[in-house]
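Sequential numbering from 11 applies to the sequence shown in the numbering used here. Backbone N, C-alpha and C define an ideal beta-carbon position, used for all residues, glycine too. These figures come from a predicted structure and were not determined experimentally. Below is one structure, written out as structure tokens; the observations come after it.
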Amino acid sequence: MRNFVPSNYKVKTYEIIVKPSQFMGYRSKGIIRSVFSTYVSTSSTVSLHAAEFQSTFEMHDLWYAFAKKESGTWNALNSSLWWFSGGLKTSKYLAWYTHYTIFILESEDPSSLYPVKDQIQNFMSVFGGANN
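Structure representation (structure tokens):
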């Protein structure tokens with residue numbers, strides 16, 4: 011993710027944390043590394059929070075806690091089911107998971123989240139995973 015910059019944005023901040031004890035305020039011993047980036051354009055600011063986990067069990071545990079807090083128990087249960095592909099949208103977050111990684115985009119302008127998500131997914135498919 012170090013080389014990822016969405017179109018029409020500039021990198022304001024970028025931080026990699028190796029072996030963090032928490033992610034988005036949630037504690038987990040299974041986090042390998044996390045990334046926090048802030049991207050700015052003339053019209054919006056988007057923050058990316060991403061974390062890679064040692065196992066899907068630990069990832070799903072943190073995902074459920076985040077989804078429950080942000081959108082309630084029912085949505086947390088539904089977003090954890092395999093056919094939802096780990097997708098969650100709230101008024102300021104667009105979040106998803108894939109394999110061992112959680113991605114959370116945050117912005118006060120929700121319309122800017124989907125284009126950045128699409129660019130992240132394209133970047134990840136071209137460059138082969140969350141380790142980039």
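(request) Mind the definition here: the stretch 70 to 87 touches the stretch 42 to 54 only if three or more C-beta pairs lie below 8 angstroms; say whether that holds. (result) Contact fails: fewer than three Cβ-Cβ distances are below 8 angstroms.
(request) Leaving out five residues on either side along the sequence, give the residues of the same chain with a beta carbon under 6 angstroms from the beta carbon of Asp119. (result) Residue mapping note: residue 119 aligns to position 109 of the sequence shown, counting from 1. Excluding sequence neighbours, Asp119 sits near Ser54.
(request) Indicate whether Ser44 and His59 have their beta-carbon atoms separated by less than 9 angstroms. (result) Taking the first residue of the sequence shown as position 1, residue 44 is located at position 34. Taking the first residue of the sequence shown as position 1, residue 59 is located at position 49. For Ser44 and His59, yes; Cβs fall inside 9 angstroms.
(request) Out of Leu98, Tyr103, Tyr107 and Gly97, state which residue places its alpha-carbon closest to the alpha-carbon of Glu68. (result) Sequence index remark: in the sequence shown, residue 68 carries index 58 (1-based). Among Leu98, Tyr103, Tyr107 and Gly97, the Cα nearest to that of Glu68 is on Tyr107.
(request) Have a look at Gln129 and Ser135 and give me their C-alpha separation to the nearest angstrom. (result) For the purposes of this step, residue 129 is identified with residue 119 of the sequence shown, where counting begins at 1. For the purposes of this step, residue 135 is identified with residue 125 of the sequence shown, where counting begins at 1. Distance between the alpha carbons of Gln129 and Ser135: 10 angstroms.
(request) Please work out which residues of its chain come closer than 7 angstroms, Cβ to Cβ, to Lys22, disregarding the five sequence neighbours upstream and downstream, and give them in chain order. (result) Start at 1 with the first residue of the sequence shown, and residue 22 comes out as number 12. Closer than 7 angstroms at Cβ, skipping near neighbours: Thr48, Tyr49 and Val50.
(message) In this structure, how does DSSP classify Thr66 when only helix, strand and coil are distinguished?
(response) Position 56 of the sequence shown, counted from the first residue, corresponds to residue 66. DSSP places Thr66 within a helical segment (H, G or I) once states are collapsed to three.
(message) Considering only DSSP beta bridges, list what Arg43 is partnered with.
(response) Residue mapping note: residue 43 aligns to position 33 of the sequence shown, counting from 1. For Arg43, which the question treats as bridged, DSSP gives the partners Val28 and Glu62.
(request) Please report the Cβ distance between Ile114 and Met34, rounded to the nearest whole angstrom; I am assuming they are in contact, meaning their Cβ atoms lie under 8 angstroms. (result) As a first step, residue 114 is located in the sequence shown; it is residue number 104 there, counting from the start. As a first step, residue 34 is located in the sequence shown; it is residue number 24 there, counting from the start. Contact holds; Cβ gap of about 6 angstroms.
(message) Just verifying my parser: in three-state terms, what is the DSSP assignment at Glu116?
(response) For the purposes of this step, residue 116 is taken as residue 106 along the sequence shown, with counting starting at 1. Secondary structure at Glu116: strand, using DSSP grouped into helix, strand and coil.
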